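Written out below as structure tokens is the structure these notes cover.
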């Protein structure tokens, strides 16, 4: 059975949409703020580095998402020296 891309988008962004209807949480997230950013960890929860974020994102079946998934990864500028270093580290991560 084929799924529509609308169904796929709804599943991908459920953490954002659900946050709009969720009360504040004990971790400091305010009422109405997204629970998380796509498949990315909730803000301040990615404490074990980018490899752990990749592993968490890759641990579930992606074939259910016809349009793909979104992962936003923020890297502190001090972690890389220049543009070439960013490209090199990105290629090594993949």
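Numbering (full-length UniProt numbering), first residue to last: 1 to 94.
Where is the CB? At the ideal position from N, CA and C, for every residue including glycine.
Note that the structure is a prediction, hence the values are computed from the model and not measured.
{"Item": "By Cβ distance below 7 Å, which residues in the same chain neighbour residue 24 in space, the five residues on each side in sequence not counted?", "Value": "30 and 31"}
{"Item": "Quick check: what's the CA-CA separation for residue 98 versus residue 26?", "Value": "The first residue shown for the chain is 1 and the last is 94, placing residue 98 beyond what the model contains."}
{"Item": "Between which two residues does the alpha helix (DSSP H) containing residue 50 stretch?", "Value": "49-58"}
{"Item": "Take the Cβ of residue 19 as the centre, count every other Cβ of all protein chains shown within 10 Å, and call the residue buried at 16 or more, exposed below.", "Value": "buried"}
{"Item": "With a threshold of 6 Å on Cβ separation, who are the neighbours of residue 114 within its own chain once the five nearest residues in sequence on each side are excluded?", "Value": "Any answer about residue 114 is impossible in this case: the structure gives the chain only from 1 up to 94."}
{"Item": "Rounding to the nearest angstrom, what Cα-Cα distance links residue 49 and residue 42 in this structure?", "Value": "13 Å"}
{"Item": "For residue 78, which three-state DSSP category applies?", "Value": "helix"}
{"Item": "Excluding the five sequence neighbours on either side, which residues of its own chain have a C-beta within less than 8 Å of the C-beta of residue 53, listed in chain order?", "Value": "40, 41, 46, 71 and 73"}
{"Item": "List the DSSP bridge partners of residue 38.", "Value": "71"}
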